[in-house]
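What follows is one structure encoded as structure tokens, with my remarks underneath.
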Amino acid sequence: MQKFKNVFFLLACMLFSVLLLAQNGSGKSAFGNTMRSNGRIYVVVAVMLTILAGLILYMVRLDRKITKLEKEN
Amino acid sequence: MTNEKNYMYKSWWKILSVLLLVYTFTGGLLMKVPELPALDETIRNLYFHVCMWFSMMILFTISVVHAVRYLRTLDPKYDIYSRQFVVVGIVFGILGYATGSIWMSYTWADPNKPEYSFSAIAREPKLIGAAIALLIYFAYLILRDSITDMDKRARISAVYNIFAYAMLFPSIWIVPRLLPSLHPGGEGGNPAMNFKDVAGSMRVVFYPAIIGWTLLGVWIATLKIRLVMIKEKRLMHR
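Top line first, the protein sequences correspond to chains A and B. Using the working numbering, the first residue of the first sequence is number 277, and each one after it goes up by one. Using the working numbering, the first residue of the second sequence is number 1105, and each one after it goes up by one.
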């Protein structure tokens, strides 16, 4: 489990650095431009991914809780 | 209790499920889809609505396999597995119905067009077939949970599960494909899995989406199974 945690942490750090690199010098962030391009479909993607992330986090928490219960028994 | 070899306690397939779903949500919304009459961008629902039905079928298949295993071994563990996979399968089926009713309102059953009357939609063989299949599985839950004797319950519900699964064949795989229908897919073959029906650019997302959604269903089912196992164990120790 600890190994997975480390891998996830590493991946998360890498992802955040991608966001930081996306800032260009023109004053407006490229991230904001992306979100406004293509009929703003990226906003929908972001919303759906947020919901998915919330549901998955809930599943992971349930999984952990049940594992704990199993160990208590 | 914690059997380390059991797939339920492995995390690689749960991570795979999450990754495939993230891919489905991003690729499914952003990647190019063929331009189709009447459907336009709504064809992207293939990655969501159709996947619900595929997951339901796969979960029911897993359930019937466990029912047969129960009848062969009489191990109550398989009875619990079988029941929980049915419940999650039903949830996916209901989601398939709900998403389908939204999708059809804006494509083949547009209520603003007079030719799509309610009676035309109510006579849809695909909708009726799916409703029959789901109702048979509702009856499975009622039958199962109304029997208090544990062995009898397990045996009767396992046998009923096999019958219910057998009814899936005519009600969703055979009859709807023989009758004329407004609902697209399945004319002279298997919808979605047919290489002529689904463009290559969509299959790239569609197949991973099926796997991702199904693994999510299996994940939910295994959580429920583990919870029931804990409960049963507590009852036995009391």
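Don't be surprised by glycine CBs; every beta carbon is placed ideally from N, CA and C.
Asked	Found
Beta-carbon neighbours of M311 of chain A, restricted to chain B and to distances below 9 Å	The contacting residues do not exist; M311 of chain A stays about 13 Å from chain B at best.
W1207 of chain B versus T310 of chain A: straight-line alpha-carbon distance, rounded	28 Å
Cβ-Cβ separation, M1160 of chain B to G1193 of chain B (assumed contact under 8 Å), whole Å	5 Å
L333 of chain A: contacting residues in chain B (beta-carbon distance under 8 Å)	None at all; the shortest Cβ gap to chain B is about 10 Å.
The stretch 1184 to 1191 of chain B touching the stretch 1146 to 1154 of chain B, judged by at least three CB pairs closer than 8 Å	no
Cβ contact check for the stretch 1268 to 1275 of chain B and the stretch 1194 to 1204 of chain B: 3 or more pairs under 8 Å	no
Residues near K1136 of chain B in its chain [Cβ-Cβ closer than 8 Å; skip 5 each side]	S1305
Span separating the alpha-carbon of L331 of chain A from that of N1110 of chain B	24 Å
Members of the stretch 1118 to 1134 of chain B near chain A, C-beta cut-off 7 Å	V1122, L1125, V1126, F1129, T1130, L1133 and L1134
Span separating the alpha-carbon of N300 of chain A from that of A306 of chain A	Unreliable positioning characterises N300 of chain A in this predicted model, as indicated by a pLDDT of 48, which lies under 50. The coordinate reading is nonetheless provided below. The straight-line gap from Cα to Cα measures roughly 6 Å.
Per-residue burial, M1340 of chain B [other beta carbons within 10 Å of its own, 16 or more giving buried]	exposed
Where R1227 of chain B sits in the DSSP three-state scheme	coil
Cβ contact (3+ pairs, closer than 8 Å) linking the stretch 1311 to 1331 of chain B and the stretch 1112 to 1127 of chain B	yes
Min CB distance L1339 of chain B to chain A below 7 Å	no
Beta-carbon contacts of G1200 of chain B that lie in its chain and below 7 Å, excluding the five residues immediately before and after	H1153, M1156, W1157 and M1160
Of the listed residues B:S1205, B:E1336, B:I1232 and B:I1329, nearest to L338 of chain A (C-alpha basis)	B:I1329
First through last residue of the alpha helix (DSSP H) which encompasses I1334 of chain B	G1304 to H1341
8 Å CB neighbourhood of N1265 of chain B in its chain, flanking five on each side removed	S1167, V1168, A1171, S1186, V1190 and Y1244
Alpha carbon of L297 of chain A to alpha carbon of G308 of chain A, nearest angstrom	Low confidence applies to L297 of chain A: its pLDDT is 49, below 50, so where it sits in the model is not reliable, and the reading given next is rough at best. Distance between the alpha carbons of L297 of chain A and G308 of chain A: 13 Å.
Inter-residue spacing [alpha-carbon to alpha-carbon] between M1112 of chain B and T343 of chain A	10 Å
Close beta carbons around E1228 of chain B, own chain, < 7 Å, minus the five adjacent residues each side	S1285, L1286 and H1287
Within chain B, partners of V230 of chain A - CB distance below 8 Å	Because chain A here runs from 277 to 349, residue 230 of chain A falls outside it and cannot be looked at.
Simplified DSSP state of T1252 of chain B, which is helix, strand or coil	coil
Any non-hydrogen atom of the ligand COA within 6 Å of L1140 of chain B CB	Ligands in the displayed structure: none, and consequently the ligand COA is not present.
L1319 of chain B at chain A interface by Cβ criterion, 7 Å	no
Chain D contact residues for L1272 of chain B, given Cβ-Cβ distances below 7 Å	Here chain D cannot be found, since the structure's protein chains are A and B.
Delimiting residues of the alpha helix (DSSP H) encompassing V1158 of chain B	Note that residue 1158 of chain B is Phe in the sequence shown, not Val. H1153 to T1177 is the extent of the alpha helix (DSSP H) around F1158 of chain B.
Under 8 Å by beta carbon: chain A residues contacting L1327 of chain B	M335, L338, D339 and I342
Straight-line gap, Y318 of chain A to R312 of chain A (C-alpha atoms, nearest Å)	7 Å
Beta carbon of A1303 of chain B nearer than 7 Å to that of T1211 of chain B	no
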